[in-house]
Every structure is written in C-alpha cells, then in structure tokens.
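Novice: Can you keep this structure in mind? I'll have questions shortly.
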Amino acid sequence: MDWQVAIERNRAALRRVLAALIAMAGFDRRFAPEAQSCHAGGSATGGEGRDAAGGSGDPAGGRPTLPRRLHRAVLRLLRPTESAARRLIIVAAKTLPQAPPAPEPARPAPRPGGTQPNAAVSVLRSLGIAIVIPPSTVLAPRRSVPAVRRPPASIALPLADRLRNPGPRLRTVPPHAAPRILSFEGAVPHRLPPPPTPNDRLDATRLVLRLRALAAALDDLPRQARRFVRWQALRARARARGLKFRISPLRSGRPPGARSASRPLDHEIHEVLRDLHWFAHQALAGPDTS
6 MDWQVAIERN RAALRRVLAA LIAMAGFDRR FAPEAQSCHA GGSATGGEGR
56 DAAGGSGDPA GGRPTLPRRL HRAVLRLLRP TESAARRLII VAAKTLPQAP
106 PAPEPARPAP RPGGTQPNAA VSVLRSLGIA IVIPPSTVLA PRRSVPAVRR
156 PPASIALPLA DRLRNPGPRL RTVPPHAAPR ILSFEGAVPH RLPPPPTPND
206 RLDATRLVLR LRALAAALDD LPRQARRFVR WQALRARARA RGLKFRISPL
256 RSGRPPGARS ASRPLDHEIH EVLRDLHWFA HQALAGPDTS
C-alpha cells in the first residue's frame, strides 16, 4: 500500500475543511500564517474578521465570541476534523523508520542526608521501633503559594480519542427551568435567566485554540508522527512495568464526530474520516507485508 499517496490526498482534504471552518467563523486575521497555507488548496478568502452570520474574530486581541448557532455549527464539523487529523497522524507514523526502543532511564539514587530513609530504618520501623531523624537532615517544607489558573496560550492536538463515559448520562435541568423554592415570609421569587437563543454570544477562546492546534498539526505532520511514536514507546514501557495504560489510541465503535450508517454523509469531512479510520486501523494492525 502506498501510504504517501493516502497521506497527501487526505491532508489536502483536511486543509480545505480547516480553511472553510476558519472562514465560516470569521477568524482569518487570527490565523494569518495558517490561513495562507490552507488557502493554497482551500476555499477561504478575505480577512475582514467578521462573517455574514455575525462571528467576530476580534483582531484587537480580546476574547473572541461567536453566536450560539455559529459556535455549534463550527463544533459540529471540528470534531470529525480533529478525529480525521488524529488518524492521519497514525498513518504518517507508519512511514517513519522503525528505530530500536530506547532503554528505560535509570532512576536517580537518593541523595545522602535526604528525607528518604535507608534500608535499616525501614526494617526497624517495620518492627515497631521508633526512629528519630535529626532536624538537620529534614528538608524545610516549601511555603505553599496559591496557584493562579490562567488560560493556556496554546494546546496540542490530542493523540488519542476521548473515551466514552461507561455510566448512564446524568439528567440535568437547564438554569431557565430550575425549580424555585419559596417561603411564606414574603420572599421575592428569584428571577430565572432567560432560555438560550441562537443569537447568544459565546466565548470562542477554546475554539480558537483547537483550530490553531489542528492547523499546527497539519502544517508539521512529521513532528506529530514522532509524537505518536513516543506515545507508543511510553505505552509499551508502562505495560512492561505492569502499569495501566490505554490499549489503543482509537476508541471502539464510531470515531468522535462520525455519522452513523443510517445517516447520509452530507459533508466532505465525514467521507475523509471514514477513509482515514480504515487506514489508521490498517497502520496499527501490524507490519505491511504487501
């Protein structure tokens, strides 16, 4: 099987889909380098930062927002695009030369005078004999500093599918339909928020990060393939040590964002995902003997 032909053909298709998503969301100005590479084989043009549906790229550097209907429409196509790019990385890793597995790094020996007890201290403590460690050998505890959670500036495309939740889906009540408990002491009823509408503005910061990660993966596919090879080596090392690790990067059943067999494939990305899903399983099956 000619893996390079399949890689280049599907990579060009994913570039077209990515360019269409960037143009649909109106994020051309935020994706200047990526959009230039995608326009070579895509259909995204212009750079006004705002589309006809009301999406705002906010080129000034603030938090981008999108209408709810546009945000959902981009996500509906972004999920299968990420799944297809993940499987393209697995196929690209098939073309890399098979290098011998690197030896497991040796663990550093404990420094003398540290907090780790030696063998004699462990034996005495197992017998119930108290051991007093001099204060000079105990390291001073670090002062706890409250951690400040900041939004990430960039993310990487995950190499493994997100697993399904085996338990039943919990029933939730939307805020606009939550029950209100009143008392008989003249309390004023709490005003519930209005129900969501298709034109509500939603924060699209996470959406921009996912689009950037997808564009970076398609621009440097060999680097992503080497990432997957390292992931495979880490999995083999963990399983050799008896640790729990994922068996396969692909989850069982349909890939994330794929259409069921009963529904028609109404977009190019669904056909690309179906082909790449088959290619990825063939790449993970074993050595090519054709």
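Just add 5 to the spot in the sequence shown (first one is 1) and you have this note's numbering.
For glycine and all other residues, C-beta sits at the position ideal for the given N, C-alpha and C.
Keep in mind that this is a model prediction, so the values were computed, not measured.
Could you check how far apart the C-beta atoms of residue 263 and residue 88 are, in whole angstroms? I think they sit under 8 angstroms.
Specialist: 7 angstroms between Cβ atoms; contact.
Novice: When burial is assigned at 16 or more other CB atoms within 10 Å of the CB, is residue 181 buried or exposed?
Specialist: Burial call: exposed.
Novice: Taking contact to mean 3 or more Cβ pairs, one atom from each stretch, closer than 8 angstroms, check whether the segment 213–221 and the segment 16–28 are in contact.
Specialist: Cβ pair count under 8 angstroms is three or more, so yes.
Novice: Where does residue 227 sit, in a helix, a strand or coil, going by DSSP?
Specialist: In this structure, residue 227 counts as helix in the three-state DSSP scheme.
Novice: Taking buried to mean at least 16 other C-beta atoms within 10 Å of its own C-beta, is residue 202 buried or exposed?
Specialist: Residue 202 is exposed by the Cβ-count criterion.
Novice: Quick one: what's got a C-beta closer than 8 angstroms to residue 100's C-beta in the same chain, skipping five residues either side?
Specialist: Answer for residue 100: 8, 9, 12 and 230, listed in chain order.
Novice: In chain order, which continuous runs of the alpha helix (DSSP H) of length 4 or greater are located wholly inside the segment 168–226?
Specialist: 210–224, all fully within the segment 168–226.
Novice: Can you tell me whether residue 31 is buried or exposed, with buried defined as 16 or more other CB within 10 angstroms of its CB?
Specialist: When all chains shown are included, residue 31 counts as buried.
Novice: Is the beta carbon of residue 278 sitting closer than 8 angstroms to the one on residue 233?
Specialist: Going by C-beta atoms, residue 278 is not nearer than 8 angstroms to residue 233.
Novice: Since residue 280 and residue 15 should fall inside the 8 angstroms C-beta cutoff, what is the C-beta to C-beta distance between them, to a whole number of angstroms?
Specialist: Confirmed, about 7 angstroms.
Novice: Using the C-alpha atoms, what's the distance from residue 167 back to residue 213?
Specialist: Computed Cα separation, rounded: 20 angstroms.
Novice: Which value, in whole angstroms, describes the spacing of the CA atoms of residue 265 and residue 259?
Specialist: Spanning the two alpha carbons is a distance of roughly 8 angstroms.
Novice: Output the distance between the C-alpha atoms of residue 73 and residue 273, rounded to the nearest integer angstrom.
Specialist: C-alpha separation (whole angstroms): 23 angstroms.
Novice: Considering only residues of the same chain and omitting the five flanking positions on each side of residue 240, which have a CB-CB separation below 8 angstroms?
Specialist: Hits under 8 angstroms: 250 and 251.
Novice: Drop a sphere of 10 angstroms on the beta-carbon of residue 83, count the other beta-carbons inside from all chains shown, and report buried for 16 or more, exposed for fewer.
Specialist: With 16 or more other Cβ atoms within 10 Å, it is buried.
Novice: Determine the direct distance from the alpha carbon of residue 190 to that of residue 169, and round the result to whole angstroms.
Specialist: Straight-line Cα distance between these residues: approximately 47 angstroms.
Novice: Let's see if you can read the secondary structure: which residues bound the beta strand (DSSP E) around residue 86?
Specialist: That residue, residue 86, is in no beta strand (DSSP E); its alpha helix (DSSP H) goes 73–99.
Novice: On the CB-based measure, 16 or more other CB atoms within 10 Å of its CB, does residue 79 come out buried or exposed?
Specialist: Flag for residue 79 reads buried.
Novice: So residue 68 and residue 210 are in contact, right, with Cβ under 8 angstroms, and what is the actual spacing, rounded?
Specialist: Right, their Cβ atoms sit about 5 angstroms apart.
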